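For the sequence shown, the numbering used here assigns the number 1 to the initial residue and increments by one for each residue that follows. Glycine included, every Cβ here is placed at the ideal spot set by N, Cα and C. In this text the structure is predicted, and so the values were computed from the model without any measurement. Remarks on the structure that follows.
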Amino acid sequence: LCNLCIGSEFNKAAIGKNGTKAVLKAMSDFPRDPTIQAAACYAIVNLCGKDGVNQERIGGAGGVGLVLVALREYPSDTGVLNPTLLALKALTQKHVGNSEKLLNLGGGKVLLNTMKNVPNLVNVQEVGAEIIGDLCQMGAGVTQQLVDAGAIDVLLTVMDL
């Protein structure tokens, strides 16, 4: 499913509902399998694309929480970190509901801790900084929450890379 969605809005729509269920079920059923978690996160990225329908569908079915579980479970596994952060970005970018879910589930702190734990992984730092930027677009309250959780120090470290 991951690769069938690349570059094809028609395929994304065709896979849509049943595909998102299958991807999220795999994440839920195999939380300790890094290969499945990574592939499922890539599938989420490809399913979301520019499609707000799949973004809503995945977020509404618990996708944000499942991606956070993978992020917590594999805090230094680059094979999982990269797709996990890309999935979070795909789910939250320009989607207030999924962004709120991420924050309500403690995702801001998880994201910042992940970035702190792997300071030399440039791609993790870049995508993490993009997610923080997207979240800050939600308003001053969210921005302050991220600042209180240490976002300034984390971002200054990223800028030194």
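Margin query: Do V127 and K101 count as a contact pair if the criterion is CB distance below 8 angstroms?
Written below: As a first step, residue 101 is located in the sequence shown; it is residue number 101 there, counting from the start. As a first step, residue 127 is located in the sequence shown; it is residue number 127 there, counting from the start. Not in contact: K101 and V127 (Cβ atoms no closer than 8 angstroms).
Notebook entry, point to check: DSSP state of D77, grouped into three classes?
Noted result: Within the sequence shown, residue 77 is the residue found at index 77, counting from 1. In this structure, D77 counts as coil in the three-state DSSP scheme.
Next item on the list: Following the continuous alpha helix (DSSP H) through R57, name the residue where it begins and the one where it ends.
Entry: Position 57 of the sequence shown, counting from 1, holds the residue named residue 57. Taken as a continuous stretch (DSSP letters only), the alpha helix (DSSP H) holding R57 covers 52 to 60.
Note to self: Please identify the residue among S76, G97, A22 whose C-alpha is closest to the C-alpha of A39.
What the structure shows: Indexing the sequence shown from 1 puts residue 39 at position 39. Measuring from the Cα of A39, the nearest candidate turns out to be A22.
Check: Under the three-state reduction of DSSP, which class applies to M27: helix, strand or coil?
Finding: Taking the sequence shown and counting its residues from 1, one reaches residue 27 at position 27. The answer is helix: DSSP assigns M27 an H, G or I state.
Next item on the list: For G106, count neighbouring Cβ atoms within 10 angstroms of its own Cβ and tell me buried if that reaches 16, exposed if not.
Entry: Taking the first residue of the sequence shown as position 1, residue 106 is located at position 106. Exposed, because fewer than 16 other Cβ atoms sit within 10 Å of the Cβ of G106.
Next item on the list: Could you check the C-alpha separation between M159 and A43 for me, to the nearest Å?
Entry: By 1-based counting over the sequence shown, the position of residue 159 is 159. By 1-based counting over the sequence shown, the position of residue 43 is 43. Between M159 and A43, the C-alpha separation is close to 30 angstroms.
Notebook entry, point to check: If we count the other Cβ atoms within 10 Å of its Cβ and call it buried at 16 or more, is S99 buried or exposed?
Noted result: Numbered from its first residue, the sequence shown carries residue 99 at position 99. With 16 or more Cβ atoms within 10 Å of its Cβ, S99 is classed as buried.
Notebook entry, point to check: Straight-line CA distance for I131 to T92?
Noted result: Looking up residue 131 in the sequence shown gives position 131. Looking up residue 92 in the sequence shown gives position 92. Approximately 8 angstroms between the Cα atoms of the pair.
Checklist line | Residues of its chain near T114, where Cβ-Cβ distance is below 8 angstroms and the 5 sequence neighbours each way are ignored | finding: Taking the sequence shown and counting its residues from 1, the one referred to as residue 114 is at position 114. These residues qualify, in order along the chain: L71, P75, L81, L85, V124, G128.
Notebook entry, point to check: Helix or strand or just coil, what does DSSP make of Q37?
Noted result: What you label residue 37 is simply residue 37 of the sequence shown in a count that begins at 1. Helix at Q37.
Check: How long is the line joining the alpha carbons of L66 and L111, rounded to whole angstroms?
Finding: Within the sequence shown, residue 66 is the residue found at index 66, counting from 1. Within the sequence shown, residue 111 is the residue found at index 111, counting from 1. L66 and L111: Cα-Cα distance of roughly 14 angstroms.
Next item on the list: Since I believe L103 is in contact with V142 (beta carbons under 8 angstroms), could you give me their beta-carbon distance rounded to a whole number of angstroms?
Entry: Numbered from 1 along the sequence shown, position 142 holds the residue referred to as residue 142. Numbered from 1 along the sequence shown, position 103 holds the residue referred to as residue 103. The pair is a contact, with the Cβ atoms about 7 angstroms apart (cut-off 8 angstroms).
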